[in-house]
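Structure, as C-alpha cells:
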Amino acid sequence: MSLLRFLGLGPASASSPNEPESLAELIRQLEGLPPAEARFVAAFAYLLARIAGADLRTHEVERHAITDRLATLAGVDPERAGLLADAALRAAGDHGASDDHLVARTFRDISGAEERLRLIRCLYAVAAADEHVSTREDNEIFEVATAIGVPRQDVLALRSEHRERLGALRALPGER
9 MSLLRFLGLG
19 PASASSPNEP
29 ESLAELIRQL
39 EGLPPAEARF
49 VAAFAYLLAR
59 IAGADLRTHE
69 VERHAITDRL
79 ATLAGVDPER
89 AGLLADAALR
99 AAGDHGASDD
109 HLVARTFRDI
119 SGAEERLRLI
129 RCLYAVAAAD
139 EHVSTREDNE
149 IFEVATAIGV
159 PRQDVLALRS
169 EHRERLGALR
179 ALPGER
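When we follow the working numbering, the leftmost residue of the sequence shown carries the number 9, and every step to the right adds one.
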C-alpha cells in the first residue's frame, strides 16, 4: 500500500485499506465494475497468474488460458480479459509470496464453495495449458486450495481430471 493511500491522500479505489497492493492494482484495472465484483475478479485473476508462474516460467498458452477463464467464467469481455491477464501476471511476479496468501485469504472471504471449486478447476486448466502440470504447479494449487478452504478430497477429484498431464504421475521414458 502506498503512503499516500495510507494517509487517505491517494486516489480513491474499490479496495480496502488493508488489501495487498497487487490486488489493488488489479482492481484499478476493472474500473466500471461494482467494487465487490471487481475485487472478486481481481483475486480470481491473481490466483490464476500465481499458478501460471509457479514453475518460474509462464507460457503463452497459460496466458491465453487465463484470458479465456476470465472471459468465460468471470464474465470479463475478451479484450479486457487479456489486459487483466497481463496485469495479473505482472502483479503476481512483482509481489509474489508477499501477497499470495493475502489474496487467497481475500478470495476465501468473498467467495462461496462453488466459486472456490470453480477456481481450483481453473487453476488446473491453466497449469495444464502447456500439456504438463509440474509438481510445483500441483503443490501451489494445493496451497491455494488450503488457503481458500477447499477440502482435500475435492481437490483430488478435480486433480484427477488432469491425471495424464500431472508430472508426478507421468511415466518415465523407460517405463513407456
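For glycine and all other residues, C-beta sits at the position ideal for the given N, C-alpha and C.
Keep in mind that this is a model prediction, so the values were computed, not measured.
> DSSP state of residue 174, grouped into three classes?
Replying inline: strand
>> Please classify residue 19 as buried or exposed, where buried requires at least 16 other C-beta atoms within 10 Å of its C-beta.
In response: Only weak support exists for where residue 19 lies, its pLDDT of 42 falling under 50; the coordinates are left without a value.
>> Distance check for residue 80 and residue 135, CA to CA, integer angstroms please.
In response: 17 angstroms
> Quick one: Cα of residue 41 to Cα of residue 89, how far?
Replying inline: 13 angstroms
>> Taking 7 angstroms as the limit between beta carbons, can you name the residues of its chain near residue 54, skipping five residues before and five after?
In response: 30, 31, 34, 96, 99, 100 and 111
> In three-state DSSP terms, what is residue 152?
Replying inline: helix
> Closest by CA to residue 94, which one among 103, 109, 71 and 104?
Replying inline: 71
>> Rounded to whole angstroms, what is the Cα-Cα separation between residue 150 and residue 125?
In response: 12 angstroms
> Tell me, which residues are paired with residue 141 by DSSP?
Replying inline: 174
> Rounded to the nearest angstrom, how far is the Cβ of residue 77 from that of residue 133, given a contact under 8 angstroms?
Replying inline: 7 angstroms
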